[in-house]
Structures are given as structure tokens and as C-alpha cells.
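Peer 1: Chains as they are written, first to last, in this note's numbering: chain A, 1 to 400; chain B, 401 to 740; chain C, 741 to 991.
Ideal Cβ positions, reconstructed from N, Cα and C, are used throughout, including at glycine.
Below are the C-alpha cells for one structure; questions will follow.
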Amino acid sequence: MFGLDNKDTRMLLVVAVLTLCAPFILNPFPTDSAMAQFNAGYPDLMQRFVIFGIFAIGFNILFGLTGYLSFGHAAFLGVGSYSAVWMFKLLSMNVIPAILLAVVISGLFALLIGFVSLRRSGIYFSILTLAFAQMSFNLAYSVLTPITNGETGLQLTLDDPRILGVSATADGSIPVTSLFGLEMRSTFEMVVGPWAFQFNAGYYLAAFILLAAFYLSIRIFRSPFGMMLRAVKSNQQRMNYTGLNTKPYTLAAFVISGMYAGLAGGLMASMDPLAGAERMQWTASGEVVLMTILGGAGTLIGPVLGAGFIKYFENIFSKINDNVLHGWFSFMPDGLENFVVFVIHPFIGKGWHLTLGILFMLVVVFLPGGLVEGGQRIAKWVKGRKNKDDATPATKTPAE
Amino acid sequence: MDAILLQILNGLDKGSAYALIALGLTLIFGTLGVVNFAHGALFMIGAFCAVTVQRLLSLSYEVVDESQKDFLGNPLKVKTPYVESWFGPEMGGAIIDWAVPIAILFAIPIMVCVGYVMERGLIKHFYKREHADQILVTFGLAIVLQEVIKYFYGANPIQTPSPEALSGVANVGALLGMDIVYPVWRIVYFFFSVVIIGAIFSFLQFTTFGMVVRAGMADRETVGLLGINIDRRFTIMFGIAAAVAGLAGVMYTPINSPNYHMGMDFLVLSFVVVVVGGMGSLPGAVLAGFLLGILESFASMNEIKSIIPGIDQIIIYVVAIIILLTRPRGLMGRKGVMEE
Amino acid sequence: MGILEVKNVGKRFGGLQALGDVNLSVKENTVHAIIGPNGAGKSTLLNCLVGKLIPDTGSVMFDGQSVLGRKPFEINQMGISRVFQTPEIFGDLTVLENMMIPCFAKRDGAFSLNAISSVLGQKDVLETAEKMLEEMNMADKRHMHAAAMSRGDKRRLEIGMCLSQEPRLLLLDEPTAGMARADTNNTIDLLKEIKEQRDITIAIIEHDMHVVFSLADRITVLAQGTPLVEDEPQNIRGNPKVREAYLGESA
């Protein structure tokens, strides 16, 4: 279906079902139950899942296929956000032109940075992109204040022109982002018994865009172009002596992944129309690297999994506090309970980044293929056990 | 003229820090072939060694002083540091005052141990892996170290003053008949870093150990074939690099109050310094460190900022990008290092 | 007029004159071997032909066009394919994918943003690649990771990849270096077969005299950066100058 083989179609369908049913899947616990804090099915968080999913999918096209490790991709996300907000300020509150402009501008920006950075490879490339990103951050933070509004960040105001829209609504407030009148913030709440499921317009827009982005990335992975990118990673020398010019291939991959980042940035601004320089900081670039690696670089589904995983646990871990822990471990004797809470305490709440760092190191050390590889290993192990169970009674030979 | 000299001086202290961190980075890269994103964290750990030593020295007990009363008429509790009660108020006070220099003594063994554990425990396993993996795992380690420090010391910068005697300003231009007033501690920092850099270079230049390490940097395989255990020496070099970064951190605390993300802040710039100097080139790292430090300070002059606003924020990156594109191996890079 | 004309080529590295004044003419549809002791400048010459090095003096013409100043991929697109001393293949890709890449390079040129259509939909390329795998007797290995193959197979694959581009000139850089006798003989047989069945010119740089004398129609002996003699194999064997160059090396 859609020009994909069966396996890829199945994967696309799985992702489609997961994203479209996310309001149900992420809200498994009744609203007033003790476990409700593990629900993640509210619009704000779900939007973040898919937006970072798009960001990571794009990053994976560059890193997963060509092996070029960019440490500056957040710059494109930031540029996308700024472009979108400017569109809201100048043109209208419709998200379509804003997202389009975000993609185009970040693509151009990626073309510029990629053209320069790709003249080097390996560690030099990583450091060049890092330098560019940090430079962009500094530009946005202070130098280009007229465009970016510096520290405060770019926001909508009541005197923005918005030539195709209104500067202010009838009641004198700033208009909200919309898709041809459908407000991004509008949310339909469905109450089923003790559960409350929220369906948010912005989320569904982002989810459909994620599906399109994911579909496109499958096509790229399976295309001759994608094969060339893998060849670049494998052996550039052979590429050159096979009559292939590696530079436009890597540059195209860089620009495509930059446009994905810009798309994510534009969507972010569409959900909440403001843009700040901190989105461009190199730690933000590090985050998308983490997502891709954690999920499984070079695999199709990995980045989506990684983004969802990190954003979900970021949200959950940040919400757990000592009281919650005491609640969980109250069955233990007092001394032990306090001890366990004491041990876990550094890893929760504000300590989420510590957990993330440790997790990340463990993945790089033990599971370089990320969650996808982990899944495959488990599947293999289960299969192996099954085979063994089937085999043992018949043969009764001692295991070697 | 005065202004120019002042800017050069202003660039020296930052340049010294860049040079010291970059020196360790490039040493590790040259010997072990590892790109260490956690090197900035070592700088930060050094700084927090100073904080810890200062706090330990200031540990106090309370005594009730009947002779003094607060405004309610209750006897006042007076805090007395243990150090003062052991060595007498004068000597004890001086020890607390000199906490930062004293921290050097503690930081050296601590940093060597940290470096040793880091190399043996983690980085050792990444020699044969791709550079991307090395970057990633050390990046993860940097996050972990940073968060651990944040957990214990909080997110706010911690003021760590220099000894009173070295905290003022001096007119360094007096000798030249000019009027340049400059903080004493920054001069101390500069000379301190010169001493450290000198020590490292002489160590590598004049000892057999250093000779083997240099030979190993040039051609690891051949040296290995001679039956010399190069790995053990490289591990020791890692410890030394960690100590250098740590000391740079210790001494930097009075200039910039340490916070948990100072390592990351310096790391990006130090990497730029290493690349500009030439990956694996020790003199290159030192040269580029001072050069970029001074350049940054010049760019922050008002006269220059009025021509190109904000240039001070981006000058280092612009220079780095230009140098990398025109001289791919950096200012003093050797051929064959990190090339495809 | 040969298909490859090398005229007065010289190359210095600092104080070392790697190539003195090399003149060489490779005739179409022949196998031309370039031999010489270590350090004679064989590899430097080869690198000047494929665009990895640019000679200081002289000219290199391929089929009437200069190759100087062109990048390796451009020279390859002109019709020169190169086989490396240690096989250069795409280790992370499957054998079939390895074979498809040069076919794409031939069909679509140095760059093509063919990012939407599926690889499996490119029937013409698939067909050519499969056919070439058959010819190389590797069809059974098509889904194997190329890196997992034996060295002899990697060499076979590399030669097959070069042939699938239908080059006019095939450059071989010590194709049997470091190979066991059996693999060497297999490679010689393969090259003989190629020579007989295809309209192709082969230039081969080789150390192993057995390989050279079983394949070459013409031999150039290079010593200290300059051609010593150029002649047919049977005349080379007895040539005193050649003996001296080789014996002088070992003495």
C-alpha cells in the first residue's frame, strides 16, 4: 500500500494507530485514581510527543543514514519557530503559511550551514555544526534582538499588523492560531465513566503531519537516494571512484533533515505562538541526538520511539516527588522506606536529567542499536526459549 | 595604547582557561584517540573541589557567648570555625582565607583519581568504537556529572573569593609608565597557567615517560611493537589531563563563581579552541586558547561593538569557521590526524 | 593513438621526485601492465590517472580529453574504473546493493535526488545488477553483508562493480596483493575471462610477475619514477635493464 512493501505498510499503520488513538492509549488510568499522574494524554504533552518525533525522524535521515553527527540541529528548530511566529505577526493566524515559511527558511538556513560544514567530515563536522548552532544561539539571544526579541523571546502583540487577519479580536485580546478557523487550542473532552479523554485540534494537526513526515522518511529510506546515503556512510572512497559525487548527497540529506527540524519548530510555534533562543541551544541539539540514539539510529521507527520515550518519562519523572515515593513504598518498614526513597530521590523530579544521562550512557555502552535493537534481542530470546522448550522434551540431549 | 594592552590582559585569563582545558583535550585526543565531551565536566569538578575545600575549612561549631547579647537580651551564639580553634584565630583565619590555593593540594589527587576511574571504567571500552560513539558516551557522562554536582551543590553560582591579599587590583601599567588597573587574581591565574603549561611541556619534552608518550602520539603502533606498554602510560596521561582541567577550574573560581553548567559552557569553546589549534597539537591548543581569548576580549571593546554590534558574541565561532575552512588541520595540526 | 595517453608527467613530493618524465600509451582493448620495484612510482602514477593526485607537469589524456584537474568521480564518469589494492566495497550494504550502486551511477550520473521511488521499483538497475552477480558467480550471496565475505569474494565483487559500469578502461592496483595462491589464480582466471569476453582496456599495476606474464599484452617497467622499457612480455623477460632494476633493488 502507498508504494510500500508489507512490512513498511504495517509499521506505518502501527504508527498511525498509535498516534491517532494516543488520547486513549496515553490515558489508561481513571482521572481520579492514584495512577492518574501517569496519564500523558493531555494536549500539551501529546503535541510535544509528535513534534519531537518529527524532529528526530528528520535528524535520523542525516545521522542514521549518512553517519554525519550534527550537534547543531536545534538551530533549525529555532529558525523554524521564529519564522512561524513572524508569519503570525505579519500575515495571519493561519498555521499553514506559518509552517510553510518555517520549512522554507530553515531549509535555506540548512543549505547555508550545510554547505560550509560539509566541507569537513567526522569530528570536524560535528564541531563545525556545534559552533554554528552556538553562534546562532548567541545571534538570537542578543545580536539580532530586533528580529528575535532577545532574551524575552518573540511573542505576539496587539499591534502586530496581521494583514490577512486582525490585530486584535473583538474583545481586545490577541487572536489564537488556527487552521482555517479551527482553533489549535480547541479541545473536545470525551468522558467515559471515570475516564476523560481529550481530543485537541492542534494535536491532530501535528499527528497528521507526523504521519506524513514518517511516510516520507520511509520512502526516502527505501529509495535509491537513501541507498546512496547509506553508501556514503559505508565507504566514501568507493563512492567517489564509482562516479558518485558525495557532496550533494550529504548536503541534500542535511537540508532535508534541517527542513524536518524547521517543520517541528513551526509546529511548536503553531501550538503556542512564541519562540525563544533557548530552543537553539546546543543542549537542545543534544536532546534530539539522545532521542535518535535511544530509539535506534538508522532504523525507521527508532527516532519516533526515542522521542516518545524521552518526552513521556521526562513528564512522568518530573512529576514524581518524595510524597509520591513514600506513598508507593509505605508497605515497607519505616527505616527501609526512608532509605529507598532517599536512594531514588536524586533521580526523580528535577533529577530527571541525571536519569536521562545514565540511561543514555547505558544505551550507548550496551545497546548501540537503541530500543529497537533491545526489542529485537528480546524477541530473539523469547523465540530461542520457545524453540528450546519445544526441542528439549524430544531430544533430551544436554545443552552445550 | 593603554586600552589595547588592557584588552590583551583581559583576554589572558579567559585565554588561560581555554588553553588549559584545550591542552588536556588535545592530549587525550592525541594519546588515546578519544574525543572527550566530558572534559568540561572535569573543569567543573575542579571548581567544585575548591568550593568543597572552602566549605570544609569553614565548618564551624557554635558557642554561647555570655558577654554579648542580642537585642532581646539573650546571649549571642557565636560561630567559630574548627580550624580557628585548632590553629588560633589568626592562623585559622588565614587558612580559610587561602582556601582556593589550598584546594589545589586536594584537587590534584582527586582529579587524578577521577580521571583514572573515568578512563579505566568507561573510556577504555571506547577506543575501538567510532568517534560518534565516543562523543555520545562522553556527552552522556558530562550530563551525569553535571547533574550530580547540581544535586549536591544546587543550581545557583557559589561565590568563592580569592585570598584577601590577592583580591584587589594592581596598576600593572606602572612599570611601562601607563595607567592600567587590573585585578591581581587574574594576573595570578595567568602566571599559574603559564607554570602549568610549562610543566606539562617540560614533562613531555625532558622525561623518558614524556618521550614515550610523544612517540606514541606520533605512531602508536610502532611504539607498541617495541614492547612498551603504551596503554598504561596513556592512562596516566589521562589522569594528568584531568588534573590540569581540574586545576584550571580550582583557580578560576574567584574569577567566575562556579555553577553546575560551567563545564558545558567552557567545553564548546574549548573544542573550538582545539580544532582551531589543530587536533592533537599541544602548542596549537595553547596558542589558539590565548589567541581566541584575546580576540574575544578585543571584540567586546565598545569601539568595535559600535561598528559591528554583537560581534563579541560570535567572533570566536566566526574565526573558528574561517580557520577550519581555510586550514582544515587548524593552525598547527599534523597531517593524518582525524582525516578520512 | 592509445585510449590513454600519458605525456611527460612529473610529480614531486617535497624533495622527492616521485615521477620523473613518464610517457605511456595504452592501446585500446589491450592489457597493459606497469611493473617496477618498490618506490618506482607506480602508485603515484595511478593516483595521477584517477584524479587523486594532480601531476606537477605533463598531461594525461583519456580518449582525447584531459583528465587533469577533474575529481575522481568525474574521471570515473568519463569511463575509467578503479580496483583498489585492498578491496573497497560498501561493507554495510548487501552484495546486491553493492552491485546496484554503480548501476545507478551509470544510469543517473554523479548525483540524483531520486528520493521517493523505491529501489525495488528500478527494474532495469536490478536486472543489470543481478546479471552481473550471476556472471561473477555470486548470485547465491546476494543478500549477504558485503563485509562478511572472504577477501577473494570481496575482490570479485569489486571487479564486478567496476564492470557493471561498462568502463572503457579498468585500472587494477595490485589486484592480487596479499592473496593466497588459489585466490590469486582465481583472480587471474577472472581477469582473463573479462579480457576475452569484453571490449575493455585494462591497465594493471602489479608486483607479482606470474600475474603480469599471464595477462599482459604489453609491459612498461618503471624505475625511480621513469619508464625504463616498454615492450611485449617475452622481450621484457630477458631485458638486462629490467634485471638490473629488480636485482639492484634486492642487492
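Smallest Cα separation from Phe225/A: which of Val15/A, Leu290/A, Ile256/A and Phe208/A?
Peer 2: Measuring from the Cα of Phe225/A, the nearest candidate turns out to be Ile256/A.
Peer 1: Using the three-state DSSP reduction, which class does Thr770/C fall into: helix, strand or coil?
Peer 2: Here Thr770/C sits in coil by DSSP.
Peer 1: For the putative contact between Gln905/C and Pro812/C, defined by C-beta atoms under 8 Å, what is the C-beta separation to the nearest angstrom?
Peer 2: With 8 Å as the limit, Gln905/C and Pro812/C do not qualify as a contact, their Cβ atoms being about 13 Å apart.
Peer 1: Kindly say whether Val17/A, judged by its beta-carbon, lies nearer than 8 Å to any beta-carbon of chain B.
Peer 2: No, its Cβ sits nowhere closer than 8 Å to a Cβ of chain B.
Peer 1: Given a cut-off of 8 Å, decide if Pro795/C and Lys751/C are closer than it, judged by their beta-carbon atoms.
Peer 2: Taking 8 Å as the Cβ cut-off, Lys751/C and Pro795/C qualify as a contacting pair.
Peer 1: CB Leu179/A to CB Leu205/A, shorter than 8 Å?
Peer 2: Taking 8 Å as the Cβ cut-off, Leu179/A and Leu205/A qualify as a contacting pair.
Peer 1: Which first and last residues belong to the alpha helix (DSSP H) in which Lys863/C is found?
Peer 2: Run containing Lys863/C: Lys863 to Glu875, per the alpha helix (DSSP H) assignment.
Peer 1: Quick one: grab the DSSP three-state call for Thr152/A.
Peer 2: Thr152/A falls in the helix class under three-state DSSP.
Peer 1: Within the 8 Å Cβ cut-off, does Glu547/B reach chain A?
Peer 2: Yes, because at least one Cβ of chain A sits closer than 8 Å to the Cβ of Glu547/B.
Peer 1: Shorter than 8 Å from the beta carbon of Asn240/A to some beta carbon of chain C?
Peer 2: Yes - at least one Cβ of chain C is within 8 Å of the one on Asn240/A.
Peer 1: Taking C-beta pairs closer than 8 Å, name the residues in chain A that Ile445/B reaches, listed in chain order.
Peer 2: None at all; the shortest Cβ gap to chain A is about 15 Å.
Peer 1: Distance check for Asn240/A and Ala253/A, CA to CA, integer angstroms please.
Peer 2: So the two alpha carbons sit approximately 17 Å from each other.
Peer 1: Note down, in chain order, each residue of its chain lying with its Cβ closer than 7 Å to the Cβ of Gly370/A, except the 5 sequence neighbours on either side.
Peer 2: Result list for Gly370/A: Ile293, Leu294, Gly295, Gly296, Ala297, Gly302, Gly306 and Val363, in chain order.
Peer 1: Of the choices Thr726/B, Glu490/B and Ile597/B, whose alpha-carbon is the least far from that of Thr480/B?
Peer 2: Closest by alpha carbon: Glu490/B.
Peer 1: Closest to Phe448/B by CA distance: which of Ile549/B, Ala532/B, Val676/B and Ile421/B is it?
Peer 2: Phe448/B has its Cα closest to that of Ile549/B, out of Ile549/B, Ala532/B, Val676/B and Ile421/B.
Peer 1: Determine which residues of the segment 821–833 of chain C have a Cβ less than 7 Å from any Cβ of chain A, and write them out in chain order.
Peer 2: Listed by position, the residues of the segment 821–833 of chain C near chain A (Cβ gap below 7 Å) are Arg822, Glu828, Ile829, Phe830, Gly831, Asp832 and Leu833.
Peer 1: Taking only the alpha-carbon atoms, compute the straight-line gap between Ile496/B and Leu118/A and give it to the nearest angstrom.
Peer 2: Rounded to the nearest angstrom, the two C-alpha atoms are 53 Å apart.
Peer 1: In this structure, does DSSP put Ser799/C in helix, strand or coil?
Peer 2: The answer is strand: DSSP assigns Ser799/C an E or B state.
Peer 1: I want to see whether chain A comes within less than 8 Å of Gln605/B, judged by CB atoms only; does it?
Peer 2: No, because no Cβ of chain A sits closer than 8 Å to the Cβ of Gln605/B.
Peer 1: Return yes when the Cβ of Phe437/B is within less than 8 Å of the Cβ of Met679/B, no when it is not.
Peer 2: Not a contact, by the Cβ cut-off of 8 Å.
Peer 1: With DSSP as the reference, please indicate the residues paired to Leu910/C in a beta bridge.
Peer 2: Paired residues: Ser821/C and Ile942/C.
Peer 1: Tell me whether the beta-carbon of Trp328/A lies closer than 8 Å to the beta-carbon of Leu130/A.
Peer 2: Cβ atoms of Trp328/A and Leu130/A: not closer than 8 Å.
Peer 1: Pull out every residue of the segment 244–259 of chain A whose Cβ sits closer than 7 Å to any Cβ of chain C, in chain order.
Peer 2: Within the segment 244–259 of chain A, the qualifying residues are Leu244, Asn245, Pro248, Tyr249 and Ala252.
Peer 1: Any C-beta of chain C sitting closer than 8 Å to the C-beta of Arg119/A?
Peer 2: No, Arg119/A lies away from the interface with chain C (no Cβ there is under 8 Å from its Cβ).
Peer 1: How about Lys782/C and Ile945/C: do their beta carbons lie closer than 8 Å?
Peer 2: Against a cut-off of 8 Å, the Cβ pair of Ile945/C and Lys782/C comes out as a contact.
Peer 1: Among the residues of its own chain, which have a CB less than 6 Å from the CB of Ser719/C, if the five just before and after it don't count?
Peer 2: Because chain C spans 741 through 991 in this model, residue 719/C falls outside it and cannot be assessed.
Peer 1: What is the residue span of the alpha helix (DSSP H) that Gln47/A lies within?
Peer 2: Residues Pro43 to Thr66.
Peer 1: Taking the straight line between their C-alpha atoms, what separation do you get for Val340/A and Phe851/C?
Peer 2: Roughly 59 Å between the two C-alpha positions.
Peer 1: Check each candidate in Val650/B, Pro475/B, Val675/B and Leu692/B and name the one with the smallest Cα separation from Ala499/B.
Peer 2: Ala499/B has its Cα closest to that of Val650/B, out of Val650/B, Pro475/B, Val675/B and Leu692/B.
Peer 1: Give the interface partners of Gln237/A over in chain C, defined as CB-CB distance under 7 Å, in chain order.
Peer 2: Under the 7 Å cutoff, chain C gives Glu828.
Peer 1: Ile934/C by DSSP, collapsed to three states: which one?
Peer 2: In this structure, Ile934/C counts as helix in the three-state DSSP scheme.
Peer 1: Mind checking the segment 851–870 of chain C against chain A and listing, in chain order, the residues whose C-beta falls within less than 9 Å of any C-beta there?
Peer 2: Going along the segment 851–870 of chain C in chain order, one finds Phe851, Ser852, Leu853, Asn854, Ala855, Ile856, Ser857, Ser858, Val859, Leu860, Gly861, Gln862 and Val865 with a Cβ nearer than 9 Å to chain A.
Peer 1: If we define contact as Cβ-Cβ less than 8 Å, is Phe360/A a contact residue for chain B?
Peer 2: Cβ-Cβ to chain B under 8 Å: yes for Phe360/A.
Peer 1: Verify whether the separation of the beta carbon atoms of Met93/A and Arg162/A is less than 8 Å.
Peer 2: Taking 8 Å as the Cβ cut-off, Met93/A and Arg162/A qualify as a contacting pair.
Peer 1: Within 8 Å of any Cβ in chain C, is that where the Cβ of Ala269/A sits?
Peer 2: Not an interface residue.
Peer 1: So, helix, strand or coil for Gly760/C, using DSSP?
Peer 2: Strand, per DSSP.
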